[in-house]
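At position 44 of the sequence shown (counting the first as 1) the number is 43 in numbering that gives the first Met the number 0, and the numbers step up by one without a gap. Every residue, glycine too, gets a C-beta built ideally from N, C-alpha and C. None of these values were measured; they are calculated from a predicted model. Notes follow once the structure below has been shown.
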Amino acid sequence: MKNIMVTGGAGFIGSNFVIYILEKYPEYDIIVYDKLTYAGNLENLLEVADDPRYHFVQGDICDAATVDETITRFSIDTIINFAAETHVDRSILAPDAFIQTGVYGTYVLLEAAKNHGLRYHQISTDEVYGHIPAGYSSVETDKLDPRSPYAASKASGDLLVNAYFITYGLPVTITRGSNNIGPFQYPEKVVPLFASNAIDGLPLPVYGDGQQMREYQYVVDHCEAIDLVLHKGVLGEAYNVGTGVEMANMTMVEILLDTLGKSRDLIRHVADRPGHDRRYSLNVDKIKALGWEPRHSSEEAVRKTAVWYQQNEWWWRKIKSGEFKAYYEKQYGERLRATEA
Ligand code: NAD
Ligand code: DAU
Numbered sequence: 000m001k002n003i004m005v006t007g008g009a010g011f012i013g014s015n016f017v018i019y020i021l022e023k024y025p026e027y028d029i030i031v032y033d034k035l036t037y038a039g040n041l042e043n044l045l046e047v048a049d050d051p052r053y054h055f056v057q058g059d060i061c062d063a064a065t066v067d068e069t070i071t072r073f074s075i076d077t078i079i080n081f082a083a084e085t086h087v088d089r090s091i092l093a094p095d096a097f098i099q100t101g102v103y104g105t106y107v108l109l110e111a112a113k114n115h116g117l118r119y120h121q122i123s124t125d126e127v128y129g130h131i132p133a134g135y136s137s138v139e140t141d142k143l144d145p146r147s148p149y150a151a152s153k154a155s156g157d158l159l160v161n162a163y164f165i166t167y168g169l170p171v172t173i174t175r176g177s178n179n180i181g182p183f184q185y186p187e188k189v190v191p192l193f194a195s196n197a198i199d200g201l202p203l204p205v206y207g208d209g210q211q212m213r214e215y216q217y218v219v220d221h222c223e224a225i226d227l228v229l230h231k232g233v234l235g236e237a238y239n240v241g242t243g244v245e246m247a248n249m250t251m252v253e254i255l256l257d258t259l260g261k262s263r264d265l266i267r268h269v270a271d272r273p274g275h276d277r278r279y280s281l282n283v284d285k286i287k288a289l290g291w292e293p294r295h296s297s298e299e300a301v302r303k304t305a306v307w308y309q310q311n312e313w314w315w316r317k318i319k320s321g322e323f324k325a326y327y328e329k330q331y332g333e334r335l336r337a338t339e340a
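Here's what the structure looks like:
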């Protein structure tokens, strides 16, 4: 019997993980603890809303009293921390919340885990390694070299997790995932943004030359890796989780447009993201040695995701009409107008 507190469980990866874990482990209870920022959405969890083993608490991971109360109330034995501000472009516009949640919030959860004697797992990212030159793939022991406020907030979280393992012997593990795609990803991230724009015949704003390299990974593959590390990972260790195969953004865009039957005329090359990491690449030998393999190639992941957005307009259309519009204008207004001149 496990009572797992999934912080950030109403977001993209967290909600996919909750659905996956409730299905796989009939004896587990899941307590989603989520602030419900613009990115948190209880509609992601509709499928499990009536499951008596699923519970929801609205709360901030920076709020130690509510974290403590929730752990006691549900007899929590494990925390999996997905909660974070996650969009690199927003971290460039306004870094404050990234530091609050990624650094202070992670510290609050680690203190709570120490005080209550809990198992702790941190969801991290390949972005902590920074830009990776061609010909090399990051291994888990590499120096952390984050280059955006988002990546720096995540790297800080990893360092705190490691410090709690070394100093207090807290039973921790970390997974560092590559670019996840799939159902319920907020349409500010490139694949859902481009899929939903393409469906509406709107331009696709590709930053710079679009030759940046990413490992687009299907979200459920990532969930399986987290599950494996939670149950079989060596305490104190980090595990990279990616496809091991990189793809240029332009290739991703072409696959996406072809899947949706849309014209490449929608592509616009716009002013680049400041400090844009040109390439991430993960060596995934360590997680493979634990018994994990990705089930989807990047191409399959892009195609499957594009089709999900095509079939689930009910989910993303209302998101794109709210707060999103102001953000879109701020991030893309000038960039797109400059391509018309
Ligand atoms: P997301 O933005 O979709 O969801 C984040 C969730 O965290 C939201 O539900 C939000 O309400 C919640 N949240 C934010 N601040 C909070 C706070 N202070 N207290 C409680 N809840 C809070 O993010 P995602 O893409 O699902 O990412 C989840 C985790 O995985 C993050 O830690 C992210 O850094 C990491 N990650 C993401 C990717 C990716 O490609 N999306 C890849 C690797 C790692
Ligand atoms: O690598 C893992 C990371 O992947 C996660 O830790 C982050 O939380 C997640 O947001 C994601 O970060 P990226 O910055 O890589 O994802 P994003 O979808 O924003 O961008 C992917 C690539 O596409 C990147 O090279 C930038 C480019 N891009 C993005 C947007 C939003 C564009 O060309 N145009 C765009 O409009």
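Contact set for residue i: own chain, Cβ-Cβ below 7 Å, skip 5 residues either direction
i, result
"R361", "Since the displayed the chain opens at 0 and closes at 340, residue 361 lies outside it and no answer follows."
"G235", "F164 and V171"
"K319", "P186 and S195"
"D220", "P293, R294 and H295"
"T100", "I60, C61, A82, A83 and E84"
"I18", "E46 and V47"
"K285", "E139, Y238 and N239"
Unbroken beta strand (DSSP E) run spanning residue i, endpoints
i, result
"N239", "A237 to V240"
"D28", "Y27 to D33"
"Y206", "L203 to Y206"
"R278", "No beta strand (DSSP E) contains R278, which DSSP labels as neither H nor E."
"N2", "K1 to T6"
"I173", "V171 to G176"
"Q57", "Y53 to Q57"
"V269", "I266 to V269"
Residues near residue i in its chain [Cβ-Cβ closer than 8 Å; skip 5 each side]
i, result
"V244", "E214, S296 and S297"
"T69", "M4, I30, Y32, V56, G58 and I75"
"S262", "L256"
"G274", "I91, R146 and S147"
"Q216", "G176, S177, N178, N179, I180, V240, G241, T242, P293, H295, S297 and A300"
"D50", "L21"
"Q309", "A194, I198 and L259"
"K231", "L289 and G290"
Check whether residue i and residue j have beta carbons under 8 Å apart
i, j, result
"D67", "K34", "no"
"T6", "L158", "no"
"K23", "D76", "no"
"L289", "F193", "no"
"P186", "S177", "no"
"Y106", "E322", "no"
"I12", "N248", "no"
"G200", "W307", "no"
"Y149", "K113", "no"
"V343", "N43", "It is not possible to answer for residue 343, since the shown part of the chain is limited to 0 through 340."
"A111", "A64", "no"
"T258", "A305", "yes"
"H54", "D28", "yes"
"V102", "G156", "yes"
"P191", "W313", "no"
"S136", "S280", "yes"
"G332", "D271", "no"
"V252", "G209", "yes"
Terminal residues of the alpha helix (DSSP H) in which residue i lies
i, result
"Y327", "F323 to E339"
"S123", "No alpha helix (DSSP H) contains S123, which is instead part of the beta strand (DSSP E) from R118 to T124."
"I75", "Counting along the chain, I75 falls outside any alpha helix (DSSP H), and DSSP gives it neither H nor E."
"G13", "F11 to K23"
"H221", "V218 to K231"
"F193", "V189 to I198"
"L259", "N248 to L259"
"D284", "D284 to A288"
"R302", "S297 to Q310"
Close-in-space but distant-in-sequence residues of the same chain around residue i (CB under 6 Å, 5 per side omitted)
i, result
"R277", "H130 and Q211"
"V228", "T172, T174 and Y238"
"L143", "V127 and A154"
"I225", "T174"
"I98", "S152"
Heavy atom of the ligand GDP within 7 Å of residue i beta-carbon
i, result
"T166", "Among the ligands present in this structure, namely the ligand NAD and the ligand DAU, the ligand GDP is not found."
Exercise. If you scan the region 76-155 from start to end, which runs of the beta strand (DSSP E) of 3 or more residues do you find wholly inside it?
Worked result: 77-80 and 118-124
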